[in-house]
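See structure below.
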Amino acid sequence: MKKSSRKWVYTFVVSAAVMALVVLLASPAAVAANAMEIIKKITGEKMDKLVKIEDPTNSLDRFYASLAQTAAGNGITRIAHYGDSIVEMDRIAGQMRRRMQTAWGDAGHGFVLASRPQPWYRPMDLSFDPSSKWICMTLNDKSIRDKRVGYAGVYAVAYKSKADTEIGTARQSNIGRGVSRFEILYPVEPGGGPVEVSVDGRKVGSFNTNGSPADAYTVIEVPDGEHKLELRAVKEGTRLYGVVLERKNAGVVYDSLGINGTGVRYWLQADTAHWIKMIKHRNPHLIALGYGNNEARAGNSLDLTSYRSNLKTVVTMLRDNLPNTSILLVGPIDQAKKKGTALDSIEVIEKIAVIQREVAKELGVAYYDNHQAMGGRGSMAQWYMARPRLGAGDLTHPTEQGGAVLGDRFYTSLMNGFKTYLQREGLNKPRAPQYPETLQKVELTR
14 MKKSSRKWVY TFVVSAAVMA LVVLLASPAA VAANAMEIIK KITGEKMDKL
64 VKIEDPTNSL DRFYASLAQT AAGNGITRIA HYGDSIVEMD RIAGQMRRRM
114 QTAWGDAGHG FVLASRPQPW YRPMDLSFDP SSKWICMTLN DKSIRDKRVG
164 YAGVYAVAYK SKADTEIGTA RQSNIGRGVS RFEILYPVEP GGGPVEVSVD
214 GRKVGSFNTN GSPADAYTVI EVPDGEHKLE LRAVKEGTRL YGVVLERKNA
264 GVVYDSLGIN GTGVRYWLQA DTAHWIKMIK HRNPHLIALG YGNNEARAGN
314 SLDLTSYRSN LKTVVTMLRD NLPNTSILLV GPIDQAKKKG TALDSIEVIE
364 KIAVIQREVA KELGVAYYDN HQAMGGRGSM AQWYMARPRL GAGDLTHPTE
414 QGGAVLGDRF YTSLMNGFKT YLQREGLNKP RAPQYPETLQ KVELTR
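What follows is the structure, given as structure tokens:
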């Protein structure tokens with residue numbers, strides 16, 4: 014072989030090795046080749062206070078089996094975190110997304126609404142700029158058009174023509190910087206209208222929401238990287254459920270699905286068949302239900318019997334219709350009220366936590382005691398007095414720093430359960446099958 018040829022071969026081999034190393038380092042999941050390596054990785058992570066998840070029937074195995082496959086470099090694990098304004102603010106859920114994606118791979122931001130239902134709806138690690146021509150209608154609004162309220166219990170309606178929104182990858186973050194697939198979710202209905210679609214400032218087509226009633230989705234594929242999707246509803250009255258950002262690589266997607274002012278009972282007002290269809294389309298491996306904080310505002314007047322019944326009805330409906338999905342009840346955090354010059358915890362929170370624990374055990378789903386993770390009775394007063402402040406001035410919500418602490422503690426508990434699962438099952442269990450498609454796919458008109 015000539016000297017020049019040998020030099021070319023050497024250069025090629027070294028370049029290939031460097032590229033392989035870059036790919037390996039770029040994907041956190043790629044380094045976890047077997048169960049022991051995954052366990053070692055979990056053990057080496059910085060963890061917070063541990064409150065063990067209660068799961069006597071191992072109902073979270075379906076979720077852990079999927080996460081184990083993701084950690085080994087195979088496919089996406091999706092988490093759907095429902096709840097109230099604490100979830101809507103994306104502080105606990107946002108920190109969970111950061112921890113999960115940093116450890117096991119960033120497979121995209123996940124679901125985001127088409128507009129803001131509240132001023133504080135500002136999803137972390139995402140560029141999001143809806144115009145003022147949208148109104149969001151939520152599950153607990155008495156004036157909702159119908160009971161089809163989408164995957165998150167919210168839809169955006171254009172109250173003026175040419176309502177636009179921009180949704181894209183994060184501008185400043187270590188995660189959320191890539192997308193290879195935008196998916197738009199919306200209702201098709203009589204009186205709907207065309208929606209123009211642009212990517213990175215270039216119009217790529219449109220779709221029409223006018224037609225016989227159905228729930229639909231439209232997909233826009235892009236080269237993996239930083240991108241911005243722009244939607245413009247041409248006609249007043251057009252509705253959108255939201256947009257999904259995902260990637261093709263192995264990793265975690267964490268959907269934050271909170272609604273201000275809601276409790277679990279509000280889902281009984283929705284078209285439940287429609288809701289289940291929307292969930293099956295997203296195919297989550299874990300559903301976390303983070304309710305109880307708004308119910309606690311009723312204080313001692315809360316009807317605990319009705320609360321228990323409503324919770325059982327919703328959880329049973331999800332469990333029976335989503336056999337491939339694990340369900341985890343996430344308890345309320347501590348809240349406080351002024352009592353003279355002192356701050357005292359709202360007593361009914363502990364009663365709500367007891368009911369959630371009992372319902373979870375009775376129905377064979379998992380339970381996480383968020384109240385104890387925060388510190389139990391009196392913790393909101395302590396968090397409010399802390400510096401930096403961890404509890405907000407309303408004595409109900411965590412601050413941004415407090416949300417990060419609660420997210421870290423939730424992650425610690427979930428990873429403790431994951432490690433126990435791996436010690437018991439290894440990588441032997443496959444990921445549960447994906448649910449059959451339930452929505453109508455609509456192609457872009459170019």
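Everything in the sequence shown is counted per our numbering, starting at 14 for the first residue and increasing by one.
Heads up, the beta-carbon is just placed ideally off N, CA and C, and yes, glycines get one too.
Option nearest residue i by Cα separation, candidates the options
i, options, result
"residue 235", "249, 102, 258, 294", "258"
"residue 137", "181, 200, 284", "181"
"residue 201", "163, 151, 424", "163"
"residue 126", "120, 119, 134", "134"
"residue 139", "292, 336, 77, 122", "122"
"residue 145", "131, 323, 328", "131"
"residue 372", "256, 358, 344, 59", "344"
"residue 409", "233, 117, 307, 228", "307"
"residue 437", "53, 74, 354, 57", "74"
"residue 279", "305, 449, 391", "305"
"residue 416", "396, 95, 211, 90", "396"
"residue 52", "337, 143, 391, 432", "432"
"residue 348", "380, 412, 189, 445", "412"
"residue 356", "398, 60, 192", "398"
"residue 267", "56, 405, 89", "89"
"residue 97", "276, 320, 323", "276"
"residue 435", "80, 62, 361, 87", "80"
"residue 206", "190, 176, 189, 62", "176"
"residue 192", "392, 334, 351, 240", "240"
"residue 186", "232, 110, 179, 178", "110"
Where the beta strand (DSSP E) through residue i begins and ends
i, result
"residue 94", "89-96"
"residue 267", "264-271"
"residue 358", "355-358"
"residue 79", "Segment 74-84 is the alpha helix (DSSP H) holding residue 79; no beta strand (DSSP E) there."
"residue 199", "192-201"
"residue 183", "From DSSP, residue 183 is part of no beta strand (DSSP E); its letter is neither H nor E."
Run of the alpha helix (DSSP H) containing residue i, from where it starts to where it stops
i, result
"residue 387", "383-387"
"residue 277", "First-last for residue 277: undefined, no H or E at that position."
"residue 415", "413-438"
"residue 333", "317-334"
"residue 392", "392-398"
"residue 117", "105-117"
"residue 56", "48-57"
"residue 375", "361-376"
"residue 291", "285-295"
Assigned exposure category for residue i - 16 Cβ within 10 Å defines buried
i, result
"residue 454", "exposed"
"residue 407", "exposed"
"residue 456", "exposed"
"residue 38", "Low local confidence applies: a pLDDT of 36 at residue 38 is under 50, so the model's placement there is unreliable, and no value is given."
"residue 82", "buried"
"residue 367", "exposed"
"residue 34", "Caution is warranted here: a pLDDT of 36 is assigned to residue 34, below 50, making its placement in the model unreliable, and the coordinate value is therefore given only provisionally. Looking at its Cβ environment, which holds fewer than 16 other Cβ atoms inside 10 Å, residue 34 is exposed."
"residue 215", "exposed"
"residue 108", "buried"
"residue 311", "exposed"
"residue 36", "With a pLDDT of 37 at residue 36, under the threshold of 50, the modelled position of that residue is not reliable, and the figure given next carries that caveat. So residue 36 ends up on the exposed side."
"residue 316", "exposed"
"residue 297", "buried"
"residue 41", "Because the pLDDT at residue 41 is just 47, under 50, the model does not fix this residue reliably, and the value given afterwards should be weighed accordingly. That one is buried."
"residue 16", "Note that residue 16 scores 43 on pLDDT, short of 50, meaning its location in the model is unreliable; the coordinates nonetheless yield the value given after this. Exposed is the call here."
"residue 448", "buried"
"residue 401", "exposed"
"residue 444", "buried"
"residue 446", "exposed"
"residue 450", "exposed"
"residue 286", "exposed"
Nearest-angstrom beta carbon gap, residue j and residue i [assumed within contact, 8 Å]
i, j, result
"residue 72", "residue 340", "7 Å"
"residue 65", "residue 429", "6 Å"
"residue 160", "residue 284", "4 Å"
"residue 292", "residue 152", "In fact, because the Cβ distance is near 14 Å, the residues do not count as touching under 8 Å."
"residue 67", "residue 370", "7 Å"
"residue 169", "residue 219", "Going by Cβ atoms, the distance from residue 169 to residue 219 rounds to 17 Å, so no, they are not a contact pair."
"residue 113", "residue 210", "30 Å between Cβ atoms; not a contact."
"residue 99", "residue 255", "With a Cβ gap of about 20 Å, residue 99 and residue 255 do not count as contacting."
"residue 124", "residue 299", "Wrong, their Cβ atoms sit about 14 Å apart, outside the cutoff."
"residue 248", "residue 314", "In fact, because the Cβ distance is near 45 Å, the residues do not count as touching under 8 Å."
"residue 105", "residue 419", "5 Å"
"residue 57", "residue 263", "Not quite, the Cβ-Cβ distance comes to about 20 Å (not below 8 Å), so this is no contact."
"residue 229", "residue 452", "6 Å"
Closer than 7 Å to chain D by CB, residue i
i, result
"residue 455", "The structure shown contains no chain D; it holds only a single protein chain."
State whether the segment 214-228 contacts the segment 47-55, with contact taken as three or more CB pairs (one from each stretch) at a distance under 8 Å. no
Is it a yes or a no for the segment 187-201 touching the segment 414-426, going by three-plus beta-carbon pairs under 8 Å? no
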